[in-house]
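For the sequence shown, UniProt numbering assigns the number 1 to the initial residue and increments by one for each residue that follows. The C-beta atom is built at its ideal place from N, Cα and C for all residues, glycine as well. Please read all numbers here as calculations on a predicted model, not as lab measurements. Working notes for the structure below.
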Amino acid sequence: MEDITLNAPKMFDLSGRVALVTGAGSGIGQRIAMGLAQCGADVALLDRRTDDGVAQTAAFIAKTGRKSVQIAADVTSGSALAEAVRQTETELGPLRLALNAAGIANAAPCEEMEEDQYQTLMDINMKGVWLSCQAQARAMLAHGQGGSIVNIASMSGVIVNRGLNQVHYNASKAGVIHMSKSMAMEWVDRGIRVNSVSPGYTATPMNTRPEMLHQTKDFESQTPLQRMASVDEMVGPAVFLLSDAASYCTGVDLLVDGGFCCW
Ligand code: NAP
Numbered sequence: 001m002e003d004i005t006l007n008a009p010k011m012f013d014l015s016g017r018v019a020l021v022t023g024a025g026s027g028i029g030q031r032i033a034m035g036l037a038q039c040g041a042d043v044a045l046l047d048r049r050t051d052d053g054v055a056q057t058a059a060f061i062a063k064t065g066r067k068s069v070q071i072a073a074d075v076t077s078g079s080a081l082a083e084a085v086r087q088t089e090t091e092l093g094p095l096r097l098a099l100n101a102a103g104i105a106n107a108a109p110c111e112e113m114e115e116d117q118y119q120t121l122m123d124i125n126m127k128g129v130w131l132s133c134q135a136q137a138r139a140m141l142a143h144g145q146g147g148s149i150v151n152i153a154s155m156s157g158v159i160v161n162r163g164l165n166q167v168h169y170n171a172s173k174a175g176v177i178h179m180s181k182s183m184a185m186e187w188v189d190r191g192i193r194v195n196s197v198s199p200g201y202t203a204t205p206m207n208t209r210p211e212m213l214h215q216t217k218d219f220e221s222q223t224p225l226q227r228m229a230s231v232d233e234m235v236g237p238a239v240f241l242l243s244d245a246a247s248y249c250t251g252v253d254l255l256v257d258g259g260f261c262c263w
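Here you go:
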């Protein structure tokens, strides 16, 4: 038995790793950024928000003793993402971890939806994830120390949410899941793992949009666990997939949905 080197807690330790989180100024991305720092990572915080959301994330991270850098950028711009990765590596070190949570949601009946509404959402939720992964992987491939990327998709990429008219959103999230698998296979022999986390209904500012408020009770009763997730409950799954504990996981979509997709 002496030759067993297993150290399970150490597998989840992110000490010495540098992470970049998009959507780090609110909701799921913000809380995961905080959790990554608690697990030992230094974290670059990217968001387009102009309120104090990102600063709040940074203040929390400072209390953990880890470093952060605040980056105001839009994930629809490849050049802004390239600059964000450059700034991350200059200030924190080689990028090893990436968590892409920036996204939007809205709704309209399919037959009434304007092209602009469809295109704007697709540009952020799908092209934005592709551009983010591209910029992050370019750095990971260049430094050769490997990397782990997690994209926040949604159970809406697997099921259709009853009562929500959001064909564009559902399609974008199905796209994120399959794009993540496709990138995982492109980089599988070059040290980069790519996975997605698909949350179920999660209590964040996104869910305070007017068309959803009256549906909260329905969401709770439709979910086998009979409640919405808290943002804290997205941290463990993201840390797991980003960490060495998931070293044999790539191309996985991890549903974190309170059992929703079982029914
Ligand atoms: P959130 O609280 O609105 O956080 C998303 C953050 O991303 C916001 O700060 C947002 O800024 C930012 N963002 C949006 N577009 C951006 C862009 N083009 N460039 C840079 N930053 C941008 O929403 P959330 O609920 O945490 O959602 C995070 C992710 O989880 C999204 O991808 C969402 O689709 C997914 N998700 C959420 C749920 C849920 O129930 N909440 C369920 C499944 C999946 P603005 O406020 O300016 O838009």
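Closer than 7 Å: residue i CB and nearest the ligand NAP heavy atom
i, result
"Thr202", "yes"
"Met122", "no"
"Ile104", "yes"
"Asp116", "no"
"Ser221", "no"
"Asp52", "no"
"Thr57", "no"
"Val75", "yes"
Run of the alpha helix (DSSP H) containing residue i, from where it starts to where it stops
i, result
"Asn170", "167-186"
"Thr57", "53-64"
"Ser221", "216-222"
"Asp257", "Careful: Asp257 lies outside any alpha helix (DSSP H) and carries neither H nor E."
"Ser132", "128-143"
"Val150", "Segment 147-152 is the beta strand (DSSP E) holding Val150; no alpha helix (DSSP H) there."
"Val235", "235-242"
"Leu121", "115-122"
"Pro109", "Neither: Pro109 is in no alpha helix (DSSP H) and is coded neither H nor E."
"Met155", "Element bounds for Met155: n/a, residue is neither H nor E."
"Ala8", "8-11"
Start and end residues, beta strand (DSSP E) containing residue i
i, result
"Leu97", "95-100"
"Pro199", "192-199"
"Ala72", "68-72"
Cβ shell of residue i (< 7 Å), same chain only, five flanking positions each side left out
i, result
"Gly163", "Gln215, Asp218"
"Trp187", "Ala137, Val194"
Buried/exposed call for residue i, threshold 16 Cβ in 10 Å
i, result
"Asn7", "exposed"
"Thr57", "buried"
"Thr202", "buried"
"Ser154", "buried"
"Arg66", "buried"
"Gln30", "buried"
Residue i - partner residues in DSSP beta bridges
i, result
"Val18", "Asp42, Leu95"
"Ala229", "Thr202"
"Asp47", "Ala72"
Same chain only: Cβ atoms within 8 Å of residue i, ignoring 5 sequence neighbours per side
i, result
"Val256", "Val197, Ser198, Pro199, Gly200, Ala229, Glu233, Met234, Pro237"
"Ala135", "Gly78, Leu81, Ala82, Ala84, Val85"
"Phe260", "Met155, Ile159, Gly200, Tyr201, Gln222, Thr223, Pro224"
6 Å CB neighbourhood of residue i in its chain, flanking five on each side removed
i, result
"Gly78", "Leu131"
"Glu91", "Val69"
"Ala98", "Leu20, Gln136, Ile149"
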